[in-house]
Amino acid sequence: MILAVTMNPSVDISYPIHEFKLDDVNRVETVRKTAGGKGLNVARIISQMEEKVLATGVLGGTIGEYIVQELTKSDIENDFLRINQESRNCIAILHDGKQTEILESGPTLTADEGAAFLEKYESLLSEVSLVTISGSLPKGLQMNFYQQMLEISHEKGIPVIVDSSGESLRQVLLHKEKPFAIKPNITELSQLLRMEVKQTIGSLKHVLNNELFNGIEWIVVSMGKDGAFVRHGEDYFRITIPKIDVINPVGSGDATVAGLAVALSRNQSVETVLKTAMTTGMLNTMEAGTGYIDLAKFSQFFNLVKVTKID
Ligand code: ADP
């Protein structure tokens, strides 16, 4: 079973508004509400890939209860630390071909709540073979919180995929216990290295040689419609994908992490791991919902992904 961690989940609300009026009343007829946060997208896609998944993290209040109900409705096993504060809403207003987002920062956790989660995390590890940690840390937790999770996982010999960005990712990479895999996109990679990374094979190969990445088994740099560039141990791969009709690319990175987690937990070959991760990413872009794939289309697109080893 895979454990998918979301420390700051949300209810994602989307309001399609034909002509958005500032400083005026806007009425909405069709509201879509989903259990959101990157780790919940990962959990949903792992489940749609017909692999066992357990969703965990921290939630509270009526919004937290809604998230649990939605997960349970989708048959996703879940075991979250409950807190006495409301989880957050994240609102996307879809108007005039644009998307305006209003993102609550969510609850501020106490040190005791952080410690209680680490205890829960440790006990859940006895049931799982791989962990995914996605998204940002809630306020109140120390910047080294993910490192503490990595230490606990390392003691139990459980590999962890970390999909985070900014300072928390940087801190994770500087720590002695390394994640098993990371999946930055080009922007996140540039932020991490504090330089503008060019999307060429030469430049990517050079930057992935940075000592920041030492000891990480899989570094998957996802590049949207251009597929990915990957370092696996000492080997480098360029992955190309077919041109597809994109409906909604939001959550594609999470879908890629889910594919990676599923194939790794099934001990598949390097080529299959990479092709699976690209296929789940692509399938997510082909659905209107964020963090959804249609498994019936899997083999068709899997067969169109090309993995080339770079010398
Ligand atoms: P993130 O959402 O983290 O920025 P990407 O945009 O790189 O991640 O997307 C992750 C993966 O999803 C890509 O490697 C690719 O497989 C797929 N994908 C994303 N956007 C597109 C697109 N426009 N066309 C085809 N596949 C896409």
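Under the numbering used here, the letters of the sequence shown match residues 173 to 483, in that order.
Using N, Cα and C, we set each Cβ at its ideal position, and we do this for glycine too.
(Q) Tell me the DSSP secondary structure of Y318 in three-state form. (A) helix
Q: Assign L297 to buried or exposed, taking buried as 16 or more other Cβ atoms, counted over all protein chains shown, within 10 Å of its Cβ.
A: Per the 10 Å Cβ criterion, buried.
Q | Per DSSP, cross-strand counterpart(s) of R216 | A | Answer is none; R216 lacks a bridge partner.
Q | Segments of 3+ residues assigned as beta strand (DSSP E) that fall wholly inside the region 276-363 | A | Those beta strand (DSSP E) runs which fall completely within the region 276-363 and span 3+ residues are 302-306, 332-335.
Q.
So, under 8 angstroms CB-CB, V477 and I411 are touching, yes? Tell me the CB distance rounded to an integer number of Å.
A. 6 angstroms
Q. Can you tell me the Cα-Cα spacing of A207 and L243, whole angstroms?
A. 7 angstroms
Q. Does the ligand ADP have a heavy atom nearer than 7 angstroms to the CB of G374?
A. no
Q: May I ask you to report which of helix, strand or coil DSSP gives L194?
A: Coil at L194, not helix or strand.
Q) Quick one: does the C-beta of I174 sit closer than 7 angstroms to a heavy atom of the ligand ADP? A) no
Q: Note the first and the last residue of the continuous beta strand (DSSP E) segment covering G463.
A: Premise fails: G463 is in no beta strand (DSSP E) and is neither H nor E.
Q. Just to confirm, are I185 and V300 a CB contact at a threshold of 8 angstroms?
A. no
Q: Output the distance between the C-alpha atoms of S394 and H347, rounded to the nearest integer angstrom.
A: Using only the alpha carbons, I get a separation of about 23 angstroms.
(Q) Please classify E285 as buried or exposed, where buried requires at least 16 other C-beta atoms within 10 Å of its C-beta. (A) E285 is buried by the Cβ-count criterion.
(Q) Check whether the region 425-438 and the region 213-224 touch, using three or more Cβ-Cβ pairs below 8 angstroms as the test. (A) yes
Q | For review: beta carbons within less than 6 angstroms of any heavy atom in the ligand ADP | A | Any residue whose Cβ sits closer than 6 angstroms to a heavy atom of the ligand ADP makes the list: N357, S394, M395, G396, K397, G399, A400, I413, I416, V418, P421, S424, G425, T428, M450, G453, M454, T457.
Q) CB T228 to CB V177, shorter than 8 angstroms? A) yes
Q.
Which of the three DSSP states is assigned to N250 in this structure?
A. Of the three classes helix, strand and coil, the one that applies to N250 here is strand, per DSSP.
Q) Pairing CB atoms from the region 313-328 with CB atoms from the region 271-291, are three or more of them under 8 angstroms? A) yes
(Q) Measuring straight from C-alpha to C-alpha, what distance separates S337 and F317? (A) 14 angstroms
Q.
Distance check for K481 and S259, CA to CA, integer angstroms please.
A. 44 angstroms
(Q) Here's the rule: buried if 16 or more other CB atoms are within 10 angstroms of the residue's CB, otherwise exposed. What is Q257? (A) buried
Q: Figure out for me which residue from Q472, D466, N475, G329 has the closest Cα to the Cα of R216.
A: D466
Q: Measure the alpha-carbon distance for T462 versus Q241 and round it to whole angstroms.
A: 18 angstroms
Q: Identify which residue in I330, L380, Q319, N420 has its Cα closest to the Cα of E133.
A: Outside the displayed range of the chain (173 to 483) lies residue 133, so it cannot be described from this structure.
Q: Find the nearest neighbour of D268 within the set V332, V203, F192, judged by alpha-carbon distance.
A: Nearest of V332, V203, F192 to D268, Cα basis: F192.
Q: Compare the beta carbon distance of T452 and A430 with 8 angstroms and say whether it is the shorter of the two.
A: yes
Q: Go to D426, then tell me how far its alpha helix (DSSP H) extends in each direction, as first and last residue.
A: 424-437
Q) Can at least three beta-carbon pairs, one atom from the region 358-366 and one from the region 231-240, be found at a separation below 8 angstroms? A) Flag = no, the region 358-366 and the region 231-240 do not touch.
Q | Bounding residues of the beta strand (DSSP E) (the contiguous stretch that carries N456) | A | Here N456 belongs to no beta strand (DSSP E); instead the alpha helix (DSSP H) covers 442-457.
Q) Is the beta carbon of E276 sitting closer than 8 angstroms to the one on N261? A) Yes, the Cβ-Cβ distance between E276 and N261 is below 8 angstroms.
Q) Would the beta-carbon of A433 fall within 8 angstroms of that of E389? A) no
Q) Would you say I416 and A460 are within 8 angstroms of each other, going by their C-beta atoms? A) Contact: no.
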